[in-house]
Amino acid sequence: MKSLTYLLLILISFNFVTAQDKKLPEGFIYLKEKIPDIKLDIRYAGSNNFIGKPVNAYQKPVAILTEAAATALQKAQKDLMAEGYCFKIFDAYRPQTAVNHFIEWARIPADTLTKQKFYPNVAKKDLFQLGYIATKSGHSRGSTVDLTIINIQTGEELDMGSGYDFFGDISHHNTNKITKEQRANRSLLKRIMIKNGFRPYPEEWWHYTLRNEPYPETYFDFPVQ
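Sequential numbering of the sequence shown, starting at 123, is according to this note's numbering.
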């Protein structure tokens, strides 16, 4: 009986610690808790990304945002679903540790495993100079999200003209290298996001930041778990 009681106490303590470890800082929320029907494809938790492997501090494929950003995105999702579409999230809050991992990768010129898919026309040594890799990311402030649109009926992504995290001018909003349909798809995303309080990043069609973000000067570094 004493052994059973001791075992139960250990399990209770373990669960408590696990729950405490996963507690988010005040003002942050798991996006699925706010928007249960949103789709997730958290690229940095796996190997389908420009460094070709899981990124440091991405321990689980979950999306975290500030509550303010999540609330605004919830409204945007409602508007989008009224038109027969849904958001798919590639990235949300990004720890500074992950940004540091990007920096380390960029400084290894021989590692070009993913070049053909993500930066075929850009020399890896130029990624810093061209602004594709930086020492700080707005994602670390918790109110920036990378996303695309999928068709509710088919689950397929709309054609945006380039893939997520493609380093090249075809990913810019003002590119002349995409079709009329691809431009219309990007315009749909931009219209819905701007209407709900987000501002676009000119060089990445997928990247949006809440205009009135609650932590504009704070770069967080808790893990995605």
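Cβ coordinates follow ideal geometry from the N, Cα and C atoms, glycine included. Computed from a predicted structure; not experimentally measured.
Counting pairs of Cβ atoms below 8 Å between the stretch 158–166 and the stretch 204–214, do you hit three or more?
-> Yes, the stretch 158–166 is in contact with the stretch 204–214.
Give every residue of the same chain whose Cβ lies closer than 6 Å to the Cβ of K156, excluding the five residues on either side of it in the sequence, and list them in chain order.
-> Answer for K156: A192 and Q196, listed in chain order.
Got a sec? Which residues, its chain only, sit under 7 Å from E278 by beta carbon, not counting five neighbours each side?
-> Scanning its chain for C-beta atoms nearer than 7 Å, with the 5 sequence neighbours on each side dropped, one finds around E278 the residues I272, in chain order.
If G264 sits next to Y330, beta carbons under 8 Å apart, how far is it from one beta carbon to the other, in whole angstroms?
-> Between G264 and Y330 the beta-carbon gap is near 13 Å, outside 8 Å, which marks them as no contact.
Could you say which of L235, A204, S262 and Y241 lies nearest to P338 if we only look at CA atoms?
-> Of the candidates L235, A204, S262 and Y241, the one whose C-alpha sits nearest the C-alpha of P338 is S262.
Residue range of the alpha helix (DSSP H) that includes F224 = It spans Q218 to A228 - the alpha helix (DSSP H) in which F224 sits, taken as one unbroken run.
Under 8 Å between the Cβ atoms of W328 and L269?
-> Taking a C-beta distance under 8 Å as the contact criterion, W328 and L269 qualify as a contact pair.
Look at the Cβ atom of M282, then the Cβ atom of R308, and state whether they are nearer than 8 Å.
-> Cβ atoms of M282 and R308: closer than 8 Å.
Looking at the structure shown, is H329 part of a helix, part of a strand, or coil, going by DSSP?
-> When secondary structure is reduced to three states using DSSP, H329 falls in the strand class.
Taking only the alpha-carbon atoms, compute the straight-line gap between L332 and L153 and give it to the nearest angstrom.
-> Put simply, the backbone Cα of L332 is about 15 Å away from that of L153.
Kindly identify the DSSP beta-bridge partner or partners of D163.
-> For D163, which the question treats as bridged, DSSP gives no partner whatsoever.
Are the beta-carbon atoms belonging to F150 and E189 less than 8 Å from one another?
-> Contact flag set, yes.
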